[in-house]
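Undergrad:
Chains as they are written, first to last, in full-length UniProt numbering: chain A, 1 to 141; chain B, 1 to 497.
1. Since residue 32 of chain B and residue 9 of chain B are thought to touch, with beta carbons under 8 angstroms apart, how far apart are those beta carbons, to the nearest angstrom?
2. Report yes if the C-beta distance between residue 214 of chain B and residue 431 of chain B is below 8 angstroms; otherwise report no.
3. What residue does the alpha helix (DSSP H) around residue 85 of chain A start on, and which one ends it?
4. For the beta strand (DSSP E) that residue 2 of chain A lies in, which residues bound it at each end?
5. Kindly indicate which three-state DSSP category residue 249 of chain B falls into: helix, strand or coil?
6. Short of 9 angstroms Cβ to Cβ, which residues in the segment 59-82 of chain A face chain B?
7. May I ask you to report which of helix, strand or coil DSSP gives residue 348 of chain B?
8. Roughly how many whole angstroms lie between the Cα atoms of residue 498 of chain B and residue 373 of chain B?
9. Below 8 angstroms, can you find three or more Cβ-Cβ pairs linking the segment 382-392 of chain B to the segment 158-172 of chain B?
10. So with CB distances below 9 angstroms, who are the chain A contacts of residue 402 of chain B?
11. Name the residue from B/413, B/461, B/137 and B/453 whose alpha carbon lies nearest to the alpha carbon of residue 34 of chain B.
12. Just the Cα atoms here: how many angstroms apart are residue 468 of chain B and residue 200 of chain B?
13. Per DSSP, residue 366 of chain B forms a beta bridge with which residues?
14. Tell whether a beta-carbon distance below 8 angstroms holds between residue 210 of chain B and residue 237 of chain B.
15. Measure from the C-beta of residue 245 of chain B to each C-beta in chain A and report whether the shortest distance is under 8 angstroms.
16. If you drop the 5 nearest sequence neighbours on each side, which residues of the same chain put their C-beta closer than 7 angstroms to that of residue 121 of chain B?
17. Using only the alpha-carbon positions, how far apart do residue 63 of chain A and residue 77 of chain A sit?
18. What is the rounded straight-line gap between the Cα of residue 485 of chain B and the Cα of residue 70 of chain A?
19. Does DSSP put residue 482 of chain B in a helix, a strand or coil?
20. Which one or two residues does DSSP pair with residue 356 of chain B in a beta bridge?
21. On the criterion of 16 or more Cβ atoms from any shown chain inside 10 Å, does residue 411 of chain B qualify as buried, or is it exposed?
22. Quickly, what does DSSP pair residue 340 of chain B with across the bridge? List them, please.
23. Check whether chain B comes within 8 angstroms of residue 49 of chain A, counting only Cβ atoms and requiring the distance to be less than that.
24. Give every residue of the same chain whose Cβ lies closer than 6 angstroms to the Cβ of residue 298 of chain B, excluding the five residues on either side of it in the sequence, and list them in chain order.
25. Counting contacts by CB-CB distance shorter than 8 angstroms, is residue 428 of chain B in contact with chain A?
26. Against chain A, with Cβ distances strictly below 8 angstroms, would residue 425 of chain B count as a contact?
27. Tell me which same chain residues have a C-beta within less than 7 angstroms of the C-beta of residue 257 of chain B, skipping the five on either side of it?
28. Could you check the C-alpha separation between residue 271 of chain B and residue 192 of chain B for me, to the nearest Å?
29. Please check the pair residue 362 of chain B and residue 378 of chain B, which I expect to be a contact at CB under 8 angstroms, by giving their CB distance rounded to whole angstroms.
30. So which residues of chain A does residue 456 of chain B contact, with C-beta pairs closer than 9 angstroms?
31. Extract the residue ranges of the beta strand (DSSP E) inside the UniProt domain "Rieske" (2-96) of chain A, only unbroken runs of 3 or more that lie entirely within it.
32. Can you check whether the C-beta of residue 38 of chain A is within less than 8 angstroms of a C-beta belonging to chain B?
33. Buried or exposed for residue 26 of chain B, please, with buried defined as at least 16 other CB atoms from any protein chain shown within 10 angstroms of its CB.
34. Beta carbon of residue 197 of chain B, beta carbon of residue 346 of chain B: below 8 angstroms?
35. Is the CB of residue 30 of chain A under 8 angstroms away from at least one CB in chain B?
36. Would you verify that the beta carbon of residue 19 of chain A is, or is not, closer than 8 angstroms to some beta carbon of chain B?
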């Protein structure tokens, strides 16, 4: 389980990138939190820098679009899904539970809200490389 | 329309095939590809494909037999069909009519040939497209009415509609190409270059400071090579970006660790004497190869070779011993300077692949001439991608190749131009750790205004303004503001078209 940031620090429409391996992007899509692998499945671009509309994110490089609920691409040029990761909010802090890196992408469960997600499976808690660092949305890096 | 033939099996050709099926064409679909590979993405070839050494180790090797096994051709093709051959009757049941050995789907071995990271399609889609893939086959002609495509293996595809997507070829320096001299356009090009770049530190000279040259130079620096970029113009990329932003990109070379020499052309290549069997008439020693070429590619002088006619055709047949023109040793500049070089990359632009259409009645002039809806001068012929001059503009952009096919196929199936291409030009480039994105049409007299970030910080958004409006935008490491601007430009364009 990787702490991301305080819930209030990720307002609706914003996203944040975790420098995990591979990097993970966390989105606040109109109040629902989602986490997916940050790198577009088509080519090297950061989805956390993409265009968020509803629960779709458009890649900033070639405009591939992904459904944050499932990780599935909704248009070309992406043809493969990105992995989704479970998100929880514990004591006002957003956490990401990294999916098993060897698992094939599967549709994620419904996004977890603060009220619905207070448990963190131990197996997942051990899989993170540690504390995620924030690069912030809109970062020029 | 019973049969549609897509000539060209790269990005634009694949998108055309997809659009044909998506728009309800359920007839016979034939794709003809000159390369032996299923469609693959070219942009990574100058970037991650060169620098990812792990991938280099695991990449399967292309063998000459791959193309032959897929197409049934092994003999040297005659690509110089006479007009009589080209316009020979194509109806009936005589040999040479139709496709004798169609491939309902590409064999598994061909899928394996393409680096999975580059593959634009997969077996599932191949099955869904239900197309005949003729790979490793060159189209050599089109009959007078655009109703038959002639192939270099002697076959003829009788067709009702044609999508021309033959792309462009990297422009080469005139004369024979010594070993160690590369262009970068195809997967084979990239593999050959990568092989040369993984043999320890090399002195690399990149001729041409355009996007391919800059990205390749950047990759070579990342691999630890000593890199010099030679650009004939005062600055690279002025036509694309304008002088201010071109200056910024020139600095990327210098900051990134490459030398940039501007304002000088290339006089020729020096080469090592090849080891020929005794009795060979070729001169020995370090011989200059005066080509008198301009790295900008503005002048194309195919006849400019001083090595004798017997050697002018050797560039594609380097493995044939006596024709091997030796290994490059240096690049001689037009100002007299000599740059020692182990590897030379020639990035001086590309020419549209229209040679196979010469002698046909199709209008061609630096590309297949099309109206704004990608419709060519013959009925039932459309063109897309790098080979297409659409409404007077030939764009060698990845995005154009993905956006034009929808419109082109719609017009092809409608048998008239019912829609025109209105997409906003867009391209990107990754070099020296910076991501450059550009969208829009840049008026020559536009003023540039930085609205986010700063060039000094390495990340910014620049707007090209003209007559009180934003006409184009350039971003360096500034994706989000760029996306917003690109959307605004797109909306503005849609509103005014």
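Ideal Cβ placement from N, Cα and C applies to all residues, glycine included.
Model, not experiment: these values are computed from the prediction.
TA: So, from the listed chains and residues:
1. 7 angstroms
2. yes
3. Looking at the DSSP string, residue 85 of chain A is not in any alpha helix (DSSP H); the run it does join, the beta strand (DSSP E), is 84-90.
4. 2-6
5. helix
6. 60, 61, 62, 63, 76, 77, 79 and 80
7. coil
8. Any property of residue 498 of chain B remains undetermined from this structure, which presents chain B solely from 1 to 497.
9. yes
10. 62, 76 and 77
11. B/137
12. 53 angstroms
13. BP columns for residue 366 of chain B are empty, so no partner.
14. yes
15. no
16. 14, 38 and 39
17. 8 angstroms
18. 28 angstroms
19. helix
20. In DSSP, residue 356 of chain B forms no bridge with anything.
21. buried
22. B/330
23. yes
24. Any reading at residue 298 of chain B must be qualified, since the residue scores a pLDDT of 37, below 50, and its modelled position is unreliable; no value is offered.
25. yes
26. no
27. 221
28. 18 angstroms
29. 5 angstroms
30. Result: empty, since nearest Cβ-Cβ is about 12 angstroms, beyond 9 angstroms.
31. 2-6, 15-18, 24-29, 32-37, 51-53, 56-58, 65-67, 73-75 and 84-90
32. no
33. exposed
34. no
35. no
36. no
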